[in-house]
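Asker:
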Amino acid sequence: MQDAAATPPDALPEGRLLALYAAGDRQAARELALRLTPLPLRVATRMLGDRAEAEDVAQEAMLRLWTAAPGWRDGEAKVTTWLYRVTVNLCTDRLRRRRTVPIEDGQDWPSDAPGALADLLERDRMAAFQTALSRLPERQCQAVVLRHLEGLANPEIARIMEIGVEAVESLVSRGKRALAHALSGQREALGYDHD
Amino acid sequence: MTDRNRNRDSDALLDAILADARAAAPSPGPDLMARVMDDAFRLQAAVPAPPAPARRGGWLADLADVLGGWRGAGGLATAAVAGLWIGLSDTAFSASGLATAFGSGAVEALEVFPGPGELAGLAAAEG
């Protein structure tokens, strides 16, 4: 067992940080926020296609983490798996409420690409990808985001989505095929022939 | 273009787009981080102090503490059992037991307290 007093916060596992947070350690709160807030933001941005709404989901997911901290039993569940599940469920609730996909031109996609033209191209590519992703059936979208954008292994996705590994494989395969079909024919329009 | 070639092109295009999407992953800005930290500190302040660990032994341990610890309670229990045994034992048995112990059959009864007649005699002798 690691000695929390001797170990810097950035080297502690999330479960231990949660226990320290519940005991009143403000440094643990900062470390958890820095380490984990990007996770729900990434997933929610991909699933919802709306940055402002994704930020609300990220804040809500983290709020649930703070609330769960006092009763958290370290070692029973992986904190990130729990947070992925909460995020996916929050996104699903929002998608079911709105039932439409408000992808707008000019979506504010962050980009580190230099130059205005590169920014524009990058934005178009991501907008096209987001549109195709958002048109996938809900579970396929979740599986593709977790597998191909978050880089998770199928068994962890199965735990997050609370289904079997074979079902995950099937969802990912069908989702990827549907995405490829939706994006085929746009190679030139998306600038991939000029790379 | 054959179907196989078309599929390969589609897969390659998708892989390229997925790679770009991973590279363009959004990161939280200062406003979002400030909101998250506000929530964290607000809820942290509201977390109740962890409950004191339950005492081992419960009421029995409390009783032992009152009686001077487990050693004191053990002594008291031994004395209580011995008193109960003496009280419940048959008087004749006790008398014969004493007679046997002191080597005489003359013990008929054991007087612990003097009677009224003896008290009066004692008073007269002193007075």
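The listed protein sequences derive, respectively, from chains Z and H.
Quick note on the working numbering: the first sequence kicks off at -2 and runs consecutively.
Quick note on the working numbering: the second sequence kicks off at -9 and runs consecutively.
Beta carbons: idealized from backbone N, C-alpha and C, even for Gly.
1) Pick helix, strand or coil for residue 74 (chain Z), following the three-state DSSP scheme.
2) Counting C-beta neighbours from all protein chains within 10 Å, is the total for residue 3 (chain H) 16 or more, i.e. buried, or is it exposed?
3) Exposed or buried, which one is residue 122 (chain Z) when buried takes at least 16 other CB atoms within 10 Å?
4) Please state whether DSSP places residue 181 (chain Z) in a helix, a strand or coil.
5) Do we get a CB-CB distance below 8 Å when we pair residue 63 (chain Z) with the residues of chain H?
6) Who are the neighbours of residue 55 (chain Z) on chain H, taking C-beta pairs under 8 Å?
7) Return no unless some Cβ of chain Z is closer than 8 Å to the Cβ of residue 43 (chain H).
8) From the DSSP output, in three-state form, read off residue 160 (chain Z) for me.
9) Please return the same chain residues whose Cβ sits closer than 8 Å to the Cβ of residue 23 (chain H), not counting the five positions on each side in sequence.
10) Classify residue 34 (chain Z) as helix, strand or coil using the three-state DSSP reduction.
11) Under the assumption that residue 11 (chain Z) contacts residue 85 (chain Z) (Cβ atoms under 8 Å), give the Cβ distance between them as a whole number of angstroms.
12) The alpha helix (DSSP H) with residue 11 (chain Z) in it runs from where to where?
13) When you check each C-beta in the stretch 1 to 17 of chain H against every C-beta of chain Z, which residues fall closer than 7 Å?
14) Sort H:76, H:7, H:34 by Cα distance to residue 17 (chain Z) and report the nearest one.
15) Compare the beta carbon distance of residue 155 (chain Z) and residue 161 (chain Z) with 8 Å and say whether it is the shorter of the two.
16) Between the Cα of residue 79 (chain Z) and those of Z:67, Z:23, Z:58, spot the shortest distance and give me the residue it belongs to.
17) Given residue 173 (chain Z), which residues of its chain have a CB within under 8 Å of its CB, disregarding the five upstream and five downstream residues?
18) Which value, in whole angstroms, describes the spacing of the CA atoms of residue 187 (chain Z) and residue 47 (chain Z)?
19) Can you list, in chain order, the residues of its chain with a C-beta nearer than 8 Å to that of residue 34 (chain Z)? Leave out the 5 residues immediately preceding and following it.
20) DSSP three-state call for residue 47 (chain Z): helix, strand or coil?
21) When you compare each of H:68, H:29, H:17 to residue 64 (chain Z) by their alpha carbons, which one comes out closest?
22) Rounded to whole angstroms, what is the Cα-Cα separation between residue -1 (chain H) and residue 6 (chain H)?
23) In whole angstroms, what separates the C-alpha of residue 31 (chain H) from that of residue 153 (chain Z)?
24) Give me the residue from Z:31, Z:134, Z:125 with the minimum Cα distance to residue 167 (chain Z).
25) Just to confirm, is the Cβ distance from residue 18 (chain H) to residue 29 (chain Z) under 8 Å?
26) Along the chain, where does the alpha helix (DSSP H) that runs through residue 6 (chain Z) open and close?
Answerer: Per the coordinate set shown:
1) Indexing the first sequence from 1 puts residue 74 (chain Z) at position 77. Note: residue 74 (chain Z) maps to strand in three-state DSSP.
2) Residue numbering aside, residue 3 (chain H) sits at position 13 when the second sequence is read from its first letter. Residue 3 (chain H) is buried by the Cβ-count criterion.
3) As a first step, residue 122 (chain Z) is located in the first sequence; it is residue number 125 there, counting from the start. Counting Cβ neighbours within 10 Å, residue 122 (chain Z) comes out buried, since at least 16 surround it.
4) Counted from its first residue, the first sequence places residue 181 (chain Z) at position 184. Looking at residue 181 (chain Z) - three-state DSSP - the assignment turns out to be coil, as it is neither helix nor strand.
5) Residue numbering aside, residue 63 (chain Z) sits at position 66 when the first sequence is read from its first letter. By this cut-off, residue 63 (chain Z) is an interface position.
6) Residue numbering aside, residue 55 (chain Z) sits at position 58 when the first sequence is read from its first letter. By Cβ distance, chain H contributes 18, 22, 26.
7) In the second sequence, the residue the question calls residue 43 (chain H) occupies position 53. At residue 43 (chain H), the pLDDT of 49 sits below 50, so the modelled position is not reliable; the number obtained from the coordinates is stated separately. No, because no Cβ of chain Z sits closer than 8 Å to the Cβ of residue 43 (chain H).
8) If you number the first sequence from 1, residue 160 (chain Z) lands on position 163. In the structure shown, residue 160 (chain Z) sits in coil (DSSP, three-state: anything other than H, G, I, E or B).
9) Locating residue 23 (chain H) in the second sequence gives position 33, where the first residue counts as 1. Excluding sequence neighbours, residue 23 (chain H) sits near nothing in its chain.
10) Here residue 34 (chain Z) refers to the residue found at position 37 when the first sequence is read from its first residue. In this structure, residue 34 (chain Z) counts as coil in the three-state DSSP scheme.
11) In the first sequence, counting from the first residue as 1, residue 11 (chain Z) sits at position 14. In the first sequence, counting from the first residue as 1, residue 85 (chain Z) sits at position 88. About 18 Å; that fails the 8 Å criterion.
12) As a working note, residue 11 (chain Z) is residue 14 in the first sequence. Here the alpha helix (DSSP H) through residue 11 (chain Z) covers 11 to 19.
13) 1, 3, 4, 6, 7, 8, 10, 11, 12, 14, 15, 16, 17
14) As a first step, residue 17 (chain Z) must be located in the first sequence, where it is residue number 20. Selected option, being the one with the closest Cα: H:34.
15) Residue mapping note: residue 155 (chain Z) aligns to position 158 of the first sequence, counting from 1. Residue mapping note: residue 161 (chain Z) aligns to position 164 of the first sequence, counting from 1. Yes.
16) Counting from one through the first sequence, the residue named residue 79 (chain Z) turns up at place 82. The candidate whose alpha carbon is nearest that of residue 79 (chain Z) is Z:58.
17) Here residue 173 (chain Z) corresponds to residue number 176 of the first sequence, with the count starting at 1. Closer than 8 Å at Cβ, skipping near neighbours: 141, 145.
18) On the first sequence, residue 187 (chain Z) is found 190 positions in, with the first residue counted as 1. On the first sequence, residue 47 (chain Z) is found 50 positions in, with the first residue counted as 1. In a straight line, the C-alpha of residue 187 (chain Z) is about 21 Å away from that of residue 47 (chain Z).
19) Translated into positions along the first sequence, residue 34 (chain Z) becomes position 37. For residue 34 (chain Z), where only same-chain residues beyond five positions count, the Cβ hits under 8 Å are 55, 59.
20) Within the first sequence, residue 47 (chain Z) is the residue found at index 50, counting from 1. Three-state result, residue 47 (chain Z): coil.
21) The residue you call residue 64 (chain Z) lines up with position 67 of the first sequence. Checking every option, the nearest Cα to that of residue 64 (chain Z) belongs to H:29.
22) Start at 1 with the first residue of the second sequence, and residue -1 (chain H) comes out as number 9. Start at 1 with the first residue of the second sequence, and residue 6 (chain H) comes out as number 16. Near 11 Å, if we compare the C-alpha coordinates of residue 6 (chain H) and residue -1 (chain H).
23) One-based indexing of the second sequence puts residue 31 (chain H) at position 41. One-based indexing of the first sequence puts residue 153 (chain Z) at position 156. Rounded to whole angstroms, residue 31 (chain H) to residue 153 (chain Z) spans 30 Å at the Cα level.
24) Numbered from its first residue, the first sequence carries residue 167 (chain Z) at position 170. Checked all of Z:31, Z:134, Z:125; the closest Cα to residue 167 (chain Z) is Z:134.
25) Here residue 18 (chain H) refers to the residue found at position 28 of the second sequence. Here residue 29 (chain Z) refers to the residue found at position 32 of the first sequence. Taking 8 Å as the Cβ cut-off, residue 18 (chain H) and residue 29 (chain Z) do not qualify as a contacting pair.
26) Position 9 of the first sequence, counted from the start, is the residue given in the question as residue 6 (chain Z). Residue 6 (chain Z) -> no alpha helix (DSSP H), and no H or E assigned at all.
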